[in-house]
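Counted from 1, the sequence shown has number 193 at position 43 by my numbering; the numbering is strictly sequential.
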Amino acid sequence: ATPTFVGYSYLSARVNTLMHDMERAGIEVVHMLTDHAPSAEIISFQQAQEKSAERRFER
């Protein structure tokens, strides 16, 4: 039973390390994508309503 537990602990640690590395790589990819993405213009709710109303009247 002891060799099985040691083997399980070893493999479990390897899997946890692999999962951590994959998660870290995924986070880095997301950061690279968001760093190069054009920044969106943030407008107030009132400005959004006015633009929406203008579009409705144009149609």
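Think of the CB as a built atom: it goes at the ideal place given N, C-alpha and C, for glycine as much as any other residue. Since we're looking at a predicted model, the values are computed, not measured.
For residue i, the three-state DSSP class (helix, strand or coil)
i, result
"SER194", "coil"
"ALA163", "helix"
"ALA151", "coil"
Chain-order list of residues whose beta-carbon lies under 6 Å from that of residue i (same chain, five-residue window excluded)
i, result
"ASN130", "Residue 130 falls outside the range modelled here, since the chain spans only 151 to 209, and no answer is possible."
Euclidean distance between Cα positions of residue i and residue j
i, j, result
"HIS186", "ALA175", "17 Å"
"GLN196", "SER202", "10 Å"
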